[in-house]
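For the sequence shown, the residue numbers in the working numbering are 40 to 595.
One structure below.
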Amino acid sequence: MSEDRDTPRTVRPALGALSGLLAGCAALAVAQFTAVFVRPEAAPLNAVGDAVIELSPPAVTQFGLDTFGSNNKLVLESGTLALIGLFALGLGLLALRHRRLASAGVLLFGVVGVAAALSRTAAAALDALPSVLGGLAGAGVLYLLSGRLGAETADATGPAGGGRTAASGPGATPEGAEEEAEQPAVMRPSGAGRWDFDRRGFVIAATTAAVASAGAGAAGLELGGSSSAAASRRRVRLPRPGDAARPIPAGADLKVPGVSRFTTPNSEFYRVDTALVVPKVDATTWRLRLHGRGVREPVTYRFRDLLKRRLIERDITMTCVSNPVGGSYVGTARWIGVPLAPLLREAGVRPPSEGGRADQIVARSVDGMTIGTPVETVMDGRDAMLAVGMNGQPLPFDNGFPVRMLVPGLYGYVSACKWIEDIELTTFDAYDAYWVRRNWAAKAPIKTQSRIDTPKPFASPEAGTVPVAGVAWAQHRGISRVEVRVDGGPWREARLAEQAGVDTWRQWVWEWPATSGSHTLEVRATDGDGEVQTGERAGTVPDGATGWHSVVVDVS
Ligand SMILES: Nc1nc2c(c(=O)[nH]1)N[C@H]1C(S)=C(S)[C@@H](COP(=O)(O)O)O[C@H]1N2
Ligand SMILES: [Mo]
Numbered sequence: 040m041s042e043d044r045d046t047p048r049t050v051r052p053a054l055g056a057l058s059g060l061l062a063g064c065a066a067l068a069v070a071q072f073t074a075v076f077v078r079p080e081a082a083p084l085n086a087v088g089d090a091v092i093e094l095s096p097p098a099v100t101q102f103g104l105d106t107f108g109s110n111n112k113l114v115l116e117s118g119t120l121a122l123i124g125l126f127a128l129g130l131g132l133l134a135l136r137h138r139r140l141a142s143a144g145v146l147l148f149g150v151v152g153v154a155a156a157l158s159r160t161a162a163a164a165l166d167a168l169p170s171v172l173g174g175l176a177g178a179g180v181l182y183l184l185s186g187r188l189g190a191e192t193a194d195a196t197g198p199a200g201g202g203r204t205a206a207s208g209p210g211a212t213p214e215g216a217e218e219e220a221e222q223p224a225v226m227r228p229s230g231a232g233r234w235d236f237d238r239r240g241f242v243i244a245a246t247t248a249a250v251a252s253a254g255a256g257a258a259g260l261e262l263g264g265s266s267s268a269a270a271s272r273r274r275v276r277l278p279r280p281g282d283a284a285r286p287i288p289a290g291a292d293l294k295v296p297g298v299s300r301f302t303t304p305n306s307e308f309y310r311v312d313t314a315l316v317v318p319k320v321d322a323t324t325w326r327l328r329l330h331g332r333g334v335r336e337p338v339t340y341r342f343r344d345l346l347k348r349r350l351i352e353r354d355i356t357m358t359c360v361s362n363p364v365g366g367s368y369v370g371t372a373r374w375i376g377v378p379l380a381p382l383l384r385e386a387g388v389r390p391p392s393e394g395g396r397a398d399q400i401v402a403r404s405v406d407g408m409t410i411g412t413p414v415e416t417v418m419d420g421r422d423a424m425l426a427v428g429m430n431g432q433p434l435p436f437d438n439g440f441p442v443r444m445l446v447p448g449l450y451g452y453v454s455a456c457k458w459i460e461d462i463e464l465t466t467f468d469a470y471d472a473y474w475v476r477r478n479w480a481a482k483a484p485i486k487t488q489s490r491i492d493t494p495k496p497f498a499s500p501e502a503g504t505v506p507v508a509g510v511a512w513a514q515h516r517g518i519s520r521v522e523v524r525v526d527g528g529p530w531r532e533a534r535l536a537e538q539a540g541v542d543t544w545r546q547w548v549w550e551w552p553a554t555s556g557s558h559t560l561e562v563r564a565t566d567g568d569g570e571v572q573t574g575e576r577a578g579t580v581p582d583g584a585t586g587w588h589s590v591v592v593d594v595s
C-alpha cells in the first residue's frame with residue numbers, strides 16, 4: 040500500500056508536530072483553568088506578558104506607557120502565544136526521537152510560567168500553581184501521544200547518530216523512502232515502509248487531549264473569576280449623591296464639529312494601565328484597608344459601607360502624564376464617589392500643615408500597582424474621592440471597578456489608583472511608588488495644556504472663515520484665556536466656552552479668516568491664576584509634556 044510507504048515520511052512529523060501543539064494547548068488550558076481558582080493574572084500567558092512589562096528597562100516601559108492601548112496588549116499576548124506555539128511544535132518533533140527529553144521540555148516551559156508568575160509585583164506562592172499543573176499536563180500529553188507514534192522505541196534504540204531522519208522536520212529529503220536501508224531507526228520499520236504506529240491509540244489519545252483541553256480552556260475563560268465580578272457589577276445600584284454636581288452649563292459645549300464633547304462617554308474614555316488582564320473584582324468580597332501613620336486604628340471598608348456614606352458627584356477632567364502635546368489621554372466624566380478627606384479625618388489623619396505625621400498616601404490596587412499622592416493635596420478642600428460611579432454607571436472594569444481614587448489637578452499616575460484595595464499613610468521619604476521607581480516624578484500636578492481638535496493636521500479647508508477649535512485644561516486652576524496664532528504671527532484671542540468648573544477642561548473656538556496656502560496654527564492657554572502655558576518643549580518624563588500644540592493645514 041502506497042499509503043503505508045508514504046506514511047512515515049510525511050505523516051509522522053506532522054503527527055509529531057500535532058502532538059506538540061496538543062501538549063501546548065493542554066498546558067495552557069489546564070493553567071487557564073487552574074488560574075480561575077488562584078487568580079486570572081496567574082495564568083502563564085498573562086504572567087509572561089506582565090513579566091515582560093515588569094522586567095523591561097524604563098525606556099521600553101516608557102514606550103509602553105505611551106502606547107498602552109489595548110491593541111498593544113493584544114500584540115504582546117499574540118506574540119507570546121505564537122512563541123509558545125512554535126516552541127510546542129518543536130518539542131513535538133523532538134519527541135519523535137527523544138520522548139523523555141521533549142516531555143521534560145514542556146515542563147521547562149511550565150518553569151518559565153512559574154518564574155513569570157512569581158516575578159509579578161503582587162505575586163503569592165500560589166500563583167505558581169497554574170503553570171506547574173499546566174506544565175505537568177502538557178508533559179503528560181506529549182509523553183503519551185509520542186508513545187503512540189512509536190517514539191518509545193526510538194529512545195530505546197539509542198541516540199540520534201543516525202543522521203537524516205524524516206522526523207527532523209518538514210524539509211527531510213524525499214528520496215529516503217525509496218531506500219529501505221536508509222529508513223531512520225526511529226521509525227523502526229516493522230514491514231515494508233511501516234512503523235509501529237498505534238494509530239487507534241493515537242487517535243483516541245489525541246482526541247481526548249483536544250476535547251479535554253478545549254473543555255478546560257473554555258471553562259477557564261468562562262469562569263475566569265469574572266462572572267461573579269460581572270454579576271456583582273450588574274447588581275450595583277448607585278445611590279443618589281448627597282451633593283450633586285452642578286448642571287453643566289449649556290454653553291460648556293460649543294458643539295463645533297470635530298471638537299471633543301464636553302463629557303467623554305465611558306466607551307470612549309482613554310485607558311492607561313499596566314494590567315494585561317483587566318482585574319475583575321467582585322464588589323461583594325472587595326475590601327479597602329486604610330492604615331498607616333496617623334491612622335488611629337486600621338479600618339476596613341466594604342463596598343456597601345462606602346455606598347452608605349454621603350456621596351459627592353463632580354465633573355472632573357482626568358489626564359495622563361504620558362499624554363504628549365496634542366495627545367488623547369485626557370477625558371472628562373461625571374464621577375460619583377466618597378469624599379476622601381472626611382474619610383481620612385474620621386480615621387484620625389491630619390494633613391502635614393496641621394501637624395499630621397504622614398505626607399504621602401500610597402494607594403495599592405488588586406494588581407499590585409502603587410500610586411503615591413500628597414496628603415496635603417488630598418485634604419486641601421478639593422474634591423478628592425473614592426469614585427464608585429462614572430457617567431451614571433458603576434465604574435467600568437477598565438476604569439477601576441469597584442472603586443478607584445481620583446484627585447482633581449493631579450496626573451493619573453499620582454492620584455487615580457484603579458481597583459484600589461489598600462490606602463497606607465506614609466511619607467515620601469519612606470516610600471517610592473511604582474512609577475517613581477521608574478524615573479517619574481513623585482509629585483505631579485497637571486500642567487496647563489491646550490489642544491487643537493479642528494482642523495485636523497494636513498486638512499485642506501477652503502479659504503474663508505475656518506473655525507479653529509479645541510479644548511484646554513489646567514485642572515483645579517481653571518482656564519481663563521486661550522489664544523491662537525497663524526504662522527508665528529500675533530496671538531488672537533479665542534472665544535471660550537462657558538466654564539463648568541476649575542476641575543474640567545474648557546472648549547474654545549477662533550474664527551480664522553483663512554487664506555489659501557500652507558499654514559501653521561498654534562494654540563496656548565492661560566490658567567485661572569493668570570499663568571500662560573509655556574511654549575518650551577518638554578517630553579512626558581518625568582512630570583508631563585509642555586509646549587504648544589501646532590497643526591499644519593493646507594488651505595485651498
Ligand atoms: N491599578 C492601576 N491604577 C492606575 C493605573 C495602573 O496602571 N494600574 N494607571 C494610572 C494612570 S497612569 C492613569 S493616567 C489613570 C488612567 O485611568 P483610566 O484608565 O481610567 O483613564 O489610571 C491610573 N491608575
Ligand atoms: Mo497616566
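For each residue, glycine too, the CB sits at the ideal point set by N, CA and C.
Apart from the five residues just before and just after residue i, which ones in its own chain have a Cβ nearer than 6 Å to its Cβ?
i: Ala426; result: Trp374, Gly376, Arg443, Leu445
i: Val590; result: Ile491, Pro496, Leu560
i: Lys294; result: none
i: Ser271; result: Asp321, Ala322, Thr323
i: Glu501; result: Ser595
i: Ala402; result: Ile410, Met444, Cys456, Ile459, Ile462
i: Asp566; result: Thr487, Ala513, Arg516
i: Ala564; result: Thr487, Ser489, Ala511, Ile518, Val521, Gln572
Helix, strand or coil: which one does DSSP assign to residue i?
i: Asp593; result: strand
i: Val50; result: helix
i: Thr246; result: helix
i: Ala498; result: coil
i: Gln399; result: strand
i: Ala82; result: coil
i: Thr554; result: coil
i: Ile123; result: helix
i: Gly174; result: helix
i: Leu445; result: strand
i: Pro433; result: strand
i: Glu561; result: strand
i: Val69; result: helix
i: Thr302; result: coil
i: Thr412; result: strand
i: Pro381; result: helix
i: Ala166; result: For the record, residue 166 in the displayed sequence is Asp; it is not Ala. Note: Asp166 maps to helix in three-state DSSP.
i: Ala426; result: strand
i: Leu130; result: helix
i: Gly186; result: helix
i: Ala536; result: coil
i: Glu522; result: strand
Among residues of its own chain, excluding the 5 on either side of residue i, which ones have a beta-carbon nearer than 8 Å to its beta-carbon?
i: Gly256; result: Cys64, Leu67, Ala68, Gln71, Phe72
i: Gly297; result: Asp492, Thr493, Pro494, Lys495, Ala508
i: Gly527; result: Thr559, Glu561
For residue i, which residues in the same chain have their Cβ closer than 7 Å to its Cβ, ignoring the five residues on either side in sequence?
i: Pro581; result: Asn478, Trp479, Ala480
i: Leu128; result: Ala56, Gly59, Leu60
i: Gly503; result: Ala553
i: Gly586; result: Val364, Gly574, Glu575, Arg576, Ala577
i: Ser267; result: Asp321
i: Tyr601; result: In the structure as shown, the chain begins at 40 and stops at 595. Residue 601 is therefore absent and cannot be evaluated.
i: Gly317; result: Reading off the sequence shown, one finds Val at residue 317, where the question assumed Gly. Taken in chain order, the residues that qualify are Phe436, Asp437.
Run the CB neighbour count on residue i, radius 10 Å, all protein chains shown included, and call it buried at 16 or more, exposed below.
i: Ile410; result: buried
i: Arg520; result: buried
i: Ala596; result: For residue 596 there is no data in the structure shown, the boundaries of the chain being 40 and 595.
i: Ser185; result: buried
i: Ala469; result: exposed
i: Phe436; result: buried
i: Ser170; result: buried
i: Val562; result: buried
i: Phe76; result: exposed
i: Arg136; result: buried
Stretch-stretch touch, CB-based, cutoff 8 Å, three pairs: the stretch 541-552 with the stretch 507-514: Counting Cβ pairs under 8 Å, three or more are found: they touch.
Complete runs of the beta strand (DSSP E) confined to the stretch 311-368 [at least 3 residues]: 326-331, 338-341, 351-358
Whole beta strand (DSSP E) elements within the stretch 458-513, 3-residue minimum: 459-465, 488-493, 503-512
Validate contact between the stretch 348-363 and the stretch 392-399 using beta carbons, cut 8 Å, 3 pairs: no
At least three beta-carbon pairs within less than 8 Å, the stretch 378-387 to the stretch 331-339: Output reads yes: the stretch 331-339 touches the stretch 378-387.
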